[in-house]
Structures are given as structure tokens and as C-alpha cells.
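> The structure's right below; bear with me while I get my questions together.
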Amino acid sequence: MTNALTRAERDADLPPLLENGWAMVEGRDAIRKSFKFSNFIEAFGWMTRMALWAEKLNHHPEWSNVYNRVEVILITHDCDGLSALDVKLAKKMDAAA
5 MTNALTRAER DADLPPLLEN GWAMVEGRDA IRKSFKFSNF IEAFGWMTRM ALWAEKLNHH
65 PEWSNVYNRV EVILITHDCD GLSALDVKLA KKMDAAA
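When you read off a place in the sequence shown, starting at 1, and then add 4, the result is the number in this note's numbering.
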């Protein structure tokens with residue numbers, strides 16, 4: 005089972021993500037971000053690359069795609085909140101976008 009972020013980890017890891025466009029999800033211990041691409045092919049290609057990372061991490065996002073936008077929510081269901089896996093995947097997503 006994956007452990008939720010500690011207070012110290014939250015204080016260190018979340019502010020840079022929030023400054024980079026991630027936001028807390030109301031009513032859940034989760035983060036969300038909307039990614040916008042030039043077109044559908046770019047959006048879908050990014051999703052495909054992120055799906056490979058998600059599979060490697062065995063950590064899968066809640067996401068949806070409409071044309072050039074991808075809406076992402078990250079949460080670790082094992083601990084019903086944010087974990088280091090969410091931070092790692094969020095950073096990968098930002099770097100690849």
C-alpha cells in the first residue's frame with residue numbers, strides 16, 4: 005500500500021506544482037490541471053506518452069480529452085489522497101507538456 009504524503013512532504017512538494025498550474029480539488033485530497041495543446045494529435049500523443057509512464061509507475065490518472073485539451077486529476081486511491089506517486093507523475097506530465 006502506498007502512503008499518503010506527510011506534512012513535510014506536502015509543504016515541500018505541493019507549492020512548486022501549485023505555482024505551475026496544478027490546483028487542489030475541492031472536497032478531495034487530489035490535484036488537477038488542464039493541459040492545452042495545438043491540436044488533437046498533440047494532445048493524444050502526450051496522453052499516450054503519459055500512459056506509458058503511468059503504467060511503469062503502476063499509477064493511473066483520472067483524465068479526459070476533448071480535442072486539444074486534457075483534464076487530469078491525480079490521487080492515489082490506495083491511501084485516498086496524495087502520495088509521492090502523484091507528485092512524480094505531475095512532474096513528468098509538466099515536463100512532457
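Where a beta carbon is used, it is the ideal one built from N, C-alpha and C, also for glycine.
Using the Cα positions of Ser68 and Ala12, report the straight-line distance between them to the nearest angstrom.
So the alpha carbons of these two residues sit roughly 31 Å apart.
> From what residue to what residue does the alpha helix (DSSP H) around Arg32 run?
Per DSSP, Arg32 belongs to no alpha helix (DSSP H) and is neither H nor E.
> For Ile45, report the span of its alpha helix (DSSP H) as first-last.
Unbroken alpha helix (DSSP H) run through Ile45: 44-61.
> Under the three-state reduction of DSSP, which class applies to Leu18: helix, strand or coil?
The answer is helix: DSSP assigns Leu18 an H, G or I state.
> What is the residue span of the alpha helix (DSSP H) that Leu78 lies within?
Leu78 -> not in any alpha helix (DSSP H); beta strand (DSSP E) instead, spanning 73-78.
> Would a C-beta distance cut-off of 8 Å place Ile77 and Gly85 closer than the cut-off?
No; because the gap between Cβ atoms is not below 8 Å, this pair is not in contact.
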